[in-house]
Structures are given as structure tokens and as C-alpha cells.
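J.:
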Amino acid sequence: MRAVSNFGSTLGLSTTKPAIVGAGYSGGGLATAWAAALQPSYAPELPVKGWTAGGIPANLTYIFESIDGKLLSGFETISLAGLRKPSAYGATLKPFLDGLATPALQKVLTIADTQCTVPNLVAFPFQSLFDTKYQSVGKDILASPTLLSVLQDNTLGVDKAQKPSVPFLMFHAKPDELVPYAPAAKTRDTWCADGATIQFVEYGNGGHITTAVLGLPDALQFADDSFNNKIASGCTSKTVLDSTLNPLAFGISLEPLAIGLINYLAALGKQDANWLAGIKSGAVTR
Numbered sequence: 638m639r640a641v642s643n644f645g646s647t648l649g650l651s652t653t654k655p656a657i658v659g660a661g662y663s664g665g666g667l668a669t670a671w672a673a674a675l676q677p678s679y680a681p682e683l684p685v686k687g688w689t690a691g692g693i694p695a696n697l698t699y700i701f702e703s704i705d706g707k708l709l710s711g712f713e714t715i716s717l718a719g720l721r722k723p724s725a726y727g728a729t730l731k732p733f734l735d736g737l738a739t740p741a742l743q744k745v746l747t748i749a750d751t752q753c754t755v756p757n758l759v760a761f762p763f764q765s766l767f768d769t770k771y772q773s774v775g776k777d778i779l780a781s782p783t784l785l786s787v788l789q790d791n792t793l794g795v796d797k798a799q800k801p802s803v804p805f806l807m808f809h810a811k812p813d814e815l816v817p818y819a820p821a822a823k824t825r826d827t828w829c830a831d832g833a834t835i836q837f838v839e840y841g842n843g844g845h846i847t848t849a850v851l852g853l854p855d856a857l858q859f860a861d862d863s864f865n866n867k868i869a870s871g872c873t874s875k876t877v878l879d880s881t882l883n884p885l886a887f888g889i890s891l892e893p894l895a896i897g898l899i900n901y902l903a904a905l906g907k908q909d910a911n912w913l914a915g916i917k918s919g920a921v922t923r
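Quick note on our numbering: the sequence shown kicks off at 638 and runs consecutively.
#1: How would you label Lys-654, buried or exposed, when you count the other beta carbons within 10 angstroms and need 16 or more for buried?
#2: Using the Cα positions of Phe-644 and Ser-651, report the straight-line distance between them to the nearest angstrom.
#3: Select from Pro-801, Ala-856, Thr-783 and Gly-794 the residue whose C-alpha is nearest the C-alpha of Arg-721.
#4: Can you give me the C-alpha to C-alpha distance between Gly-649 and Ser-642, rounded to a whole angstrom?
#5: Could you spell out where the beta strand (DSSP E) holding Ser-703 opens and where it closes?
#6: Rank Ala-849, Met-638, Thr-689 and Asp-861 by C-alpha distance to the C-alpha of Asp-813 and give the top, closest one.
#7: Decide yes or no for the touch test of the region 772-791 against the region 808-826: beta carbon pairs closer than 8 Å, at least 3 of them.
#8: Which ranges would you report for the alpha helix (DSSP H) in the region 852-878 if only whole runs of at least 4 residues count?
#9: Is the beta carbon of Ala-656 closer than 8 Å to that of Thr-669?
#10: Answer with buried or exposed for Tyr-679, where buried requires no fewer than 16 other C-beta atoms within 10 angstroms of its C-beta.
#11: Using C-beta distances below 7 Å, list every residue in its chain close to Ile-868, excluding the 5 sequence neighbours before and after it, in chain order.
#12: What residue from Leu-742, Thr-792, Val-755 and Thr-754 has the CA that sits closest to Ser-773's CA?
#13: On the premise that Leu-708 lies in contact with Phe-763, defined as a C-beta separation below 8 Å, what is that separation, rounded to the nearest angstrom?
#14: In the DSSP assignment, find the unbroken beta strand (DSSP E) run with Val-795 in it and report its ends.
#15: Using three-state DSSP, classify Leu-742 as helix, strand or coil.
#16: Could you spell out where the alpha helix (DSSP H) holding Gly-727 opens and where it closes?
#17: How would you label Phe-682, buried or exposed, when you count the other beta carbons within 10 angstroms and need 16 or more for buried?
#18: Run the CB neighbour count on Ser-646, radius 10 Å, all protein chains shown included, and call it buried at 16 or more, exposed below.
#19: Does the Cβ-Cβ distance between Leu-746 and Phe-701 come in under 8 Å?
#20: For Met-638, which residues from the same chain have a beta carbon less than 6 Å from its beta carbon, with the 5 sequence-adjacent residues on both sides left out?
#21: Please report how far the alpha carbon of Ser-716 lies from the alpha carbon of Tyr-662, in whole angstroms.
Quick look at the structure:
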């Protein structure tokens, strides 16, 4: 955000201090939520107007427990590899993991260090991080002070000083099969109790991927309202039970674009479904 402001003239912006609304989903939602929580203390000079994020992994411990042994268990090793990097918690977490990881876990962590998402998911489907073939202490790894401290430090809403200072739209599917709903709702409750302005949308149907699409109209409208200072203070929540996306929700002028986007996402969803099915069947390999 600072870079965009600093290179505003190069980018053709009309001001050196462009108004900002941050947005993200899933892993991007995690980054957005933490940016919102830390911006007041880390970058108070930025003219942020609002934030919107969905499918937020608000508590990594929940993620580990919910996907362990399932198709997308590779996200566990991706998370560990990121957290043990020198720029993160490498000074304490890397020696801790090195002390209990088996060669099998070291191998998949190396893949996580050097490859993108799909190769990581292919390398670790239906595997349990808590299996002693990967590390020596089993599920007790989550109770170890070293890892527990890191996971606690990466749980949104724990530190009362870390909260959004401008309006935030959060959206999440209650039956989300990848990122548990409960921690996101708890973060909402904590931030609201601490005086933040939060709009929370719960989707009663759909999964992690479909909610990224379903939440788009509300996210775009929220961003527009944030830029125009139309968001009222306080917290609101609503539940959406309809899992269909109406192109008119984008507005008449954007309807053709919305229809094209829906068709593109449908095709992309089929492609994602194909490689997920391939991982499940063993047809997709690194």
C-alpha cells in the first residue's frame, strides 16, 4: 500500500495519497484481516477507508485440526513451512521442528519451501500431521509451548490492541469445508466487543470456493460505500441462505461483465474440481 502511494505518479494516480480499501479471500483474507488489525499501529499514515475479507483462517489451530487427514491436508505443511521461515518464527520454530520431524516430514516441508500450492497438496493428501511417521510426539505437537505460542500469536482477536480502526466486511460460509466458520465468527464478536465497526455476512449454503464468488457483490458494494464514507458505525450481521449469484447484484451497468465472470468462474471451478479429483484418485502427481 505504501508502494502504491510512493509510485502513484508512475501508476497514473491523480493523488499521492490514494484512498485505500483492502480486500482478500481465504489466504488473502488472512493477510487482509491481519493488515486491518495491525494498520492502526504499523501504518497509521495510510488513508485506509475500509477492509473486506472472506473465508478468513482466523485460527490456524482449527485449520490444522479440521483438514488433518483429509484431501487438502497439504495446507498444514504449507503453513508450517511459512511459519518456520527466518522472516517469521524461524529462530524458535525451525529448531523445534527439526528436533521432532522425521525424514518424511522434512521431505514435504522442503516441497512446501520450493513449490506452489498444487504440488504441496499432491505431496500430502489424506495424511495426518499428527502421525508419528511424520513427527515424534503425535498430536501433542499442538500442545507444545513453542508451537502453541506461535499459533496463539497468529490467532486474530487475541490481542485487544490489534483491531480494525475503519469499517470491515467479513463474510464466511457456515458449512465451509476448508476454513472453519467458528473462529471467524469469534473474531467478529471480539472485535465488535472492542468497538470495531464490522459487517458480518454468513452464507448458510455453499463451500469455501463458491463463497468467494457469492460474496463478491457485497464486497464490491461495501468497498464503494467505504470510499464514499457511507458505512455507519457499529456491528451488523446477516445470514444469506440463497446460494445463487444474481448478475444484477453488480448493478445494471456491470451485468454483462458479471455474466462473463460467472461463466469464467464456472469453467475455473470445473478445472479445480478436476485436479482435486485427480489428487484424490492418485491420477495427479508431482
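C-beta atoms are modelled at their ideal positions from N, C-alpha and C, and glycine is treated no differently.
T.: Looking at the atomic coordinates:
#1: Your numbering for residue 654 matches position 17 in the sequence shown. Answer is exposed; the Cβ neighbour count stays below 16.
#2: For the purposes of this step, residue 644 is taken as the residue at position 7 of the sequence shown. For the purposes of this step, residue 651 is taken as the residue at position 14 of the sequence shown. Whole-angstrom Cα-Cα distance: 11 Å.
#3: The count along the sequence shown starts at 1 and reaches residue 721 at position 84. Comparing Cα-Cα distances from Arg-721 to each of Pro-801, Ala-856, Thr-783 and Gly-794, the minimum goes to Thr-783.
#4: Mapped onto the sequence shown, residue 649 falls at position 12. Mapped onto the sequence shown, residue 642 falls at position 5. Each residue's CA atom was taken as its position, placing Gly-649 and Ser-642 some 11 Å apart.
#5: In the sequence shown, counting from the first residue as 1, residue 703 sits at position 66. Segment 697-704 is the alpha helix (DSSP H) holding Ser-703; no beta strand (DSSP E) there.
#6: Locating residue 813 in the sequence shown gives position 176, counting from the first residue. Check the Cα spacing between Asp-813 and each of Ala-849, Met-638, Thr-689 and Asp-861: the tightest is with Ala-849.
#7: no
#8: 853-864
#9: Position 32 of the sequence shown holds residue 669. Position 19 of the sequence shown holds residue 656. Taking 8 Å as the Cβ cut-off, Thr-669 and Ala-656 do not qualify as a contacting pair.
#10: The count along the sequence shown starts at 1 and reaches residue 679 at position 42. Under this definition Tyr-679 is an exposed residue.
#11: To locate residue 868, count along the sequence shown from 1; it is residue 231. Once the five neighbours on either side are set aside, the close Cβ partners of Ile-868 are Gly-687, Pro-804, Thr-834 and Asp-862.
#12: Here residue 773 refers to the residue found at position 136 of the sequence shown. The candidate whose alpha carbon is nearest that of Ser-773 is Leu-742.
#13: Counting from 1 along the sequence shown, the entry for residue 763 is found at position 126. Counting from 1 along the sequence shown, the entry for residue 708 is found at position 71. Cβ-Cβ separation between Phe-763 and Leu-708: approximately 6 Å, consistent with a contact (criterion under 8 Å).
#14: Working through the sequence shown from its first residue, we reach residue 795 at position 158. Going by DSSP, Val-795 is part of no beta strand (DSSP E) at all; its letter is neither H nor E.
#15: Here residue 742 refers to the residue found at position 105 of the sequence shown. Looking at Leu-742 - three-state DSSP - the assignment turns out to be helix.
#16: Counted from its first residue, the sequence shown places residue 727 at position 90. Unbroken alpha helix (DSSP H) run through Gly-727: 727-737.
#17: Locating residue 682 in the sequence shown gives position 45, where the first residue counts as 1. The sequence as given places Glu at residue 682; Phe does not occur at that position. Exposed is the call here.
#18: In the sequence shown, the residue the question calls residue 646 occupies position 9. The residue is exposed, with fewer than 16 neighbouring Cβ atoms inside 10 Å.
#19: In the sequence shown, counting from the first residue as 1, residue 746 sits at position 109. In the sequence shown, counting from the first residue as 1, residue 701 sits at position 64. Taking 8 Å as the Cβ cut-off, Leu-746 and Phe-701 do not qualify as a contacting pair.
#20: Numbered from 1 along the sequence shown, position 1 holds the residue referred to as residue 638. Result list for Met-638: Ile-657 and Leu-683, in chain order.
#21: Taking the first residue of the sequence shown as position 1, residue 716 is located at position 79. Taking the first residue of the sequence shown as position 1, residue 662 is located at position 25. One C-alpha to the other measures close to 16 Å.
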